[in-house]
DNA sequence: CTGAAAGCGCTTACAG
DNA sequence: CTGAAAGCGCTTACAG
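As structure tokens, then:
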């Protein structure tokens, strides 16, 4: 039923080896036989079996993407699908395929990584969030299995990664806010375990310091995730202690939560800034300013780094910093 | 380096065939040898190679998901990632894996479907959007390749599919609006080529008819996608012709666009309804009512239908209707 | 430039 | 209950 390389060989009057060589574009094949084989391939509508190739080559040409544990809260956030799109953009152009798995928690994540790698399902892994002391990353390194991290792993030298410069992004915002007169600027972030949270807080601190403003813990709140609840909770906690004129949050959804709390409690008129430049921030009332992290590009570069490594290409850059863009609104 | 079934066989003092039988839980293996083999597997930390298994079995245990062409506009919409999560939920429980591809347009979609199927990369395909006269679906049927459609294909008998009852969802809303006094209800939808658009319009029409209201084309606008632009455009067009007290749209993002236009042009105070129950609608000012289509469930059932078919299970239901829920706000 | 043979790591019908 | 052998559909080192 299924047409194989043998059928093509018979049709073209050559050996299977020759057909295989034509398929892989081997140069030591005469134009003439190449032609014959190509015609036979066309005539029989032959498509090489990807699985058999993988087995013979010991390469799947598949990348495995692990969507991280906290995703459920965050599924409203277009970050993940945009990253997946970016990964896909580069990968398909270079004839790589993509598998994904949704991990319920960190343990689940490890399970999938083991499954994907040890059973030979994929050639490389894309990790979508780095924690400090990340067990998944440790395992992958130990196994010496190719992977790339979107985010900022602790070990920045040997690991492939792509990230924004989150520290300088928040630095820039806070610095500008201070220079335009704001004295009490709040910070509301997600889990402080996440490297991304730490980086963003660091820029906030540094900007204060460089402007001779004393860092005040009472203006900072660490929530659980990139969600509205964190925003509402954070606003409630911070605003009960201090008067703030601006609040920097680490996600548009958090900013939306803050906005909600402020509107409901007559605390409006504050400058609010989020991250990710989502539609939801854009259509808030008032619209929320946001730092665009360019998730598609993050995915694209991650894909590029990993695939280059898999193809054994020399690459000077073991990581990329994707520019952020502060979209000011109102 | 890599430990294979032969190493395990040697370690356990049996043949590779026996190891294979233990792996596949063949019943005709004595408890004793089963024990020996299991110990050897553990000792050597053996993991069977998925690719080799696939080749021998002629089954990949992989499902291919084609994310449709119009997705770029719609990436803000959590629908796709939720569906992917739902598919994953059922699939991983049943030891299936997932590949995805992002299709730029219909032609691209066909290309991926051909690639996935003809090269033997996947056992089944999930299509995320049905058009009328859908070439992808036609091809899959012609090839007799297992697939499931999320949405409502034209051929509802032989094809596996999962959908909401979009017609009755809009019927219910419009009927209730009329009964509570609304006489001029607008309808703003995405491309009318899409089956989902047709179904939603159909429910609107039927509710009018059942309430002895004449259908007026001037109250209906068909845009290009599930996006704000369609909403803004639609609002502009419809509201220049008629006074409307309520507008039913086929997506929260469309409703957001309508809201924007209304707020900016002093046309506020209208009852606005969207689809998908997204965070963005929820945090609009005023919040937008929405019909929750339960995208995770749509994915879950699609996965279930397809996998059951692949496993050769008898199934009476060749399709599922996932309940919608009208989330009323304000 | 081309072919025969062995191999990738499994599975399974056949034989015992 | 278990093993030897052939096979899944490719690739590639070896020989010519």
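Chains as they are written, first to last, in the UniProt record's numbering: chain G, 1 to 330; chain C, 1 to 330. Yeah, the Cβ is synthetic: ideal placement off N, Cα and C, and Gly gets one too.
Cβ of residue 315 (chain G) less than 8 Å from any chain C Cβ?
In the first chain, the residue the question calls residue 315 (chain G) occupies position 315. Judged by the 8 Å Cβ criterion, residue 315 (chain G) is not in contact with chain C.
Okay, do the region 273 to 282 of chain C and the region 299 to 318 of chain G touch, 3+ Cβ pairs below 8 Å being the bar?
Short answer: they don't touch.
Beta-bridge partners of residue 57 (chain G), as assigned by DSSP:
Within the first chain, the letter at position 57 stands for residue 57 (chain G). Looking at the DSSP assignment, residue 57 (chain G) forms no beta bridge with any residue, so it has no partner.
In terms of DSSP beta bridges, what is residue 189 (chain C) paired with?
Position 189 of the second chain holds residue 189 (chain C). Bridge partners of residue 189 (chain C): C:222.
Residue 4 (chain C) and residue 18 (chain C) - do their beta-carbons sit closer together than 8 Å?
In the second chain, the residue the question calls residue 18 (chain C) occupies position 18. In the second chain, the residue the question calls residue 4 (chain C) occupies position 4. It is not a contact, given that the beta carbons lie outside the stated cut-off.
Short CB-CB distance (under 8 Å) between residue 121 (chain G) and chain C:
By 1-based counting over the first chain, the position of residue 121 (chain G) is 121. Contact of residue 121 (chain G) with chain C is assigned, a C-beta pair being separated by under 8 Å.
Less than 8 Å between the C-beta atoms of residue 116 (chain G) and residue 64 (chain G), yes or no?
Residue mapping note: residue 116 (chain G) aligns to position 116 of the first chain, counting from 1. Residue mapping note: residue 64 (chain G) aligns to position 64 of the first chain, counting from 1. Yes, Cβ-Cβ distance for residue 116 (chain G) and residue 64 (chain G) is below 8 Å.
Check this for me: beta carbons of residue 247 (chain C) and residue 151 (chain C), under 8 Å apart or not?
Taking the second chain and counting its residues from 1, one reaches residue 247 (chain C) at position 247. Taking the second chain and counting its residues from 1, one reaches residue 151 (chain C) at position 151. No, these two residues do not count as a Cβ contact at 8 Å.
Hey, does residue 47 (chain C) have any beta-carbon neighbour from chain G nearer than 8 Å?
The count along the second chain starts at 1 and reaches residue 47 (chain C) at position 47. Yes, residue 47 (chain C) counts as interfacial toward chain G.
Quick check on DSSP: helix, strand or coil for residue 101 (chain G)?
Looking up residue 101 (chain G) in the first chain gives position 101. In the structure shown, residue 101 (chain G) sits in a strand (DSSP, three-state: E or B).
Chain C contacts from the region 77 to 103 of chain G (Cβ-Cβ distance under 9 Å):
For the region 77 to 103 of chain G, which is checked against every Cβ of chain C, the residues closer than 9 Å are 77, 78, 80, 81, 82, 84, 85, 88, 89, 92, 97, 98, 99, 100, 101, 102.
Does DSSP classify residue 320 (chain C) as helix, strand or coil?
Here residue 320 (chain C) refers to the residue found at position 320 when the second chain is read from its first residue. DSSP places residue 320 (chain C) in strand when its eight states are reduced to three.
How is residue 128 (chain G) classed by DSSP in three states: helix, strand or coil?
Stepping through the first chain from its first residue, residue 128 (chain G) is reached at position 128. Residue 128 (chain G) falls in the coil class under three-state DSSP.
What span of residues does the alpha helix (DSSP H) with residue 288 (chain G) cover, start to end?
Translated into the one-based positions of the first chain, residue 288 (chain G) becomes position 288. Segment: none, residue 288 (chain G) is in no alpha helix (DSSP H) and carries neither H nor E.
Starting from residue 285 (chain G), find everything on chain C with Cβ-Cβ shorter than 7 Å and list it in chain order.
Position 285 of the first chain, counted from the first residue, corresponds to residue 285 (chain G). By Cβ distance, chain C contributes 285.
Residues in the region 265 to 296 of chain G with C-beta within 8 Å of chain C's C-beta atoms, listed in sequence order?
278, 279, 280, 283, 284, 285
Based on Cα-Cα distance, which residue from C:28, C:78, C:9 lies nearest to residue 43 (chain C)?
Within the second chain, residue 43 (chain C) is the residue found at index 43, counting from 1. Here the closest residue by C-alpha is C:9.
Alpha carbon to alpha carbon, what distance is there between residue 79 (chain C) and residue 99 (chain C)?
Counting from 1 along the second chain, the entry for residue 99 (chain C) is found at position 99. Counting from 1 along the second chain, the entry for residue 79 (chain C) is found at position 79. Each residue's Cα considered, the two are about 18 Å apart.
Might you give, ordered along the chain, the residues of its own chain that have their beta carbon closer than 8 Å to the beta carbon of residue 139 (chain G), omitting 5 neighbours on each side?
As a first step, residue 139 (chain G) is located in the first chain; it is residue number 139 there, counting from the start. In its chain, beyond the 5 residues on either side, 110, 113, 114 have a beta carbon closer than 8 Å to the beta carbon of residue 139 (chain G).
Whole-Å CB distance - residue 257 (chain C) paired with residue 232 (chain C), under 8 Å assumed:
Taking the first residue of the second chain as position 1, residue 257 (chain C) is located at position 257. Taking the first residue of the second chain as position 1, residue 232 (chain C) is located at position 232. At roughly 4 Å, the Cβ-Cβ gap stays under 8 Å, so residue 257 (chain C) and residue 232 (chain C) are in contact.
What does a CB cutoff of less than 6 Å around residue 163 (chain C) pick up in its chain, not counting 5 residues either side in sequence?
As a first step, residue 163 (chain C) must be located in the second chain, where it is residue number 163. Only 151, 152 meet the Cβ criterion.
Is the separation between the beta-carbon of residue 331 (chain C) and that of residue 126 (chain C) shorter than 8 Å?
With chain C covering only 1 through 330, there is no way to say anything about residue 331 (chain C).
List the residues of chain G that residue 9 (chain C) touches, going by C-beta distances under 8 Å, in chain order.
In the second chain, counting from the first residue as 1, residue 9 (chain C) sits at position 9. None at all; the shortest Cβ gap to chain G is about 19 Å.
Decide if the region 237 to 246 of chain C is in contact with the region 210 to 229 of chain C; the criterion is three or more beta carbon pairs, one per stretch, under 8 Å apart.
yes
Is it true that the CB of residue 271 (chain G) sits closer than 8 Å to the CB of residue 135 (chain G)?
Looking up residue 135 (chain G) in the first chain gives position 135. Looking up residue 271 (chain G) in the first chain gives position 271. In this structure, residue 135 (chain G) lies away from residue 271 (chain G), with their beta-carbon atoms at least 8 Å apart.
Nonlocal neighbours in the same chain, by C-beta distance under 6 Å from residue 234 (chain G), ignoring five residues either side
For the purposes of this step, residue 234 (chain G) is taken as the residue at position 234 of the first chain. Here the set comprises 188, 221, 223.
Just tell me which of G:275, G:180, G:88 has its CA closest to the CA of residue 104 (chain C).
Translated into positions along the second chain, residue 104 (chain C) becomes position 104. Here the closest residue by C-alpha is G:88.
Please classify residue 27 (chain C) as buried or exposed, where buried requires at least 16 neighbouring CB atoms within 10 angstroms.
Numbered from 1 along the second chain, position 27 holds the residue referred to as residue 27 (chain C). It is exposed - the Cβ of residue 27 (chain C) has fewer than 16 other Cβ atoms within 10 Å.
Minimum Cβ-Cβ distance from residue 256 (chain G) to chain C less than 8 Å:
Taking the first residue of the first chain as 1, we reach residue 256 (chain G) at position 256. Chain C contact via Cβ: present.
Using the beta-carbon count (16 or more within 10 Å), is residue 228 (chain C) buried or exposed?
Counting from one through the second chain, the residue named residue 228 (chain C) turns up at place 228. It is buried - the Cβ of residue 228 (chain C) has at least 16 other Cβ atoms within 10 Å.
Contact criterion: CB-CB distance below 8 Å. Does residue 51 (chain G) meet it with respect to chain C?
As a first step, residue 51 (chain G) must be located in the first chain, where it is residue number 51. It does: the Cβ of residue 51 (chain G) has a partner Cβ on chain C nearer than 8 Å.
Checking 8 Å against the spacing of the C-beta atoms, do residue 175 (chain C) and residue 199 (chain C) come in under that value?
For the purposes of this step, residue 175 (chain C) is identified with residue 175 of the second chain, where counting begins at 1. For the purposes of this step, residue 199 (chain C) is identified with residue 199 of the second chain, where counting begins at 1. No; because the gap between Cβ atoms is not below 8 Å, this pair is not in contact.
Measuring alpha carbon to alpha carbon, tell me which of G:16, G:123, G:92 ends up nearest residue 108 (chain C).
As a first step, residue 108 (chain C) is located in the second chain; it is residue number 108 there, counting from the start. Taking only the C-alpha atoms, the option nearest residue 108 (chain C) is G:92.
At 7 Å on the CB atoms, spell out the chain G contacts of residue 63 (chain C), in chain order.
Along the second chain, one-based indexing puts residue 63 (chain C) at 63. By Cβ distance, chain G contributes nothing, its closest Cβ being about 10 Å from residue 63 (chain C), past 7 Å.
Taking the C-alpha atoms as reference points, what is the distance between residue 286 (chain G) and residue 276 (chain C)?
Sequence index remark: in the first chain, residue 286 (chain G) carries index 286 (1-based). Sequence index remark: in the second chain, residue 276 (chain C) carries index 276 (1-based). In a straight line, the C-alpha of residue 286 (chain G) is about 23 Å away from that of residue 276 (chain C).
Let me check understanding here. Comparing Cα to Cα, which of G:310, G:278, G:317 lies closest to residue 326 (chain G)?
Numbered from its first residue, the first chain carries residue 326 (chain G) at position 326. Of the candidates G:310, G:278, G:317, the one whose C-alpha sits nearest the C-alpha of residue 326 (chain G) is G:278.
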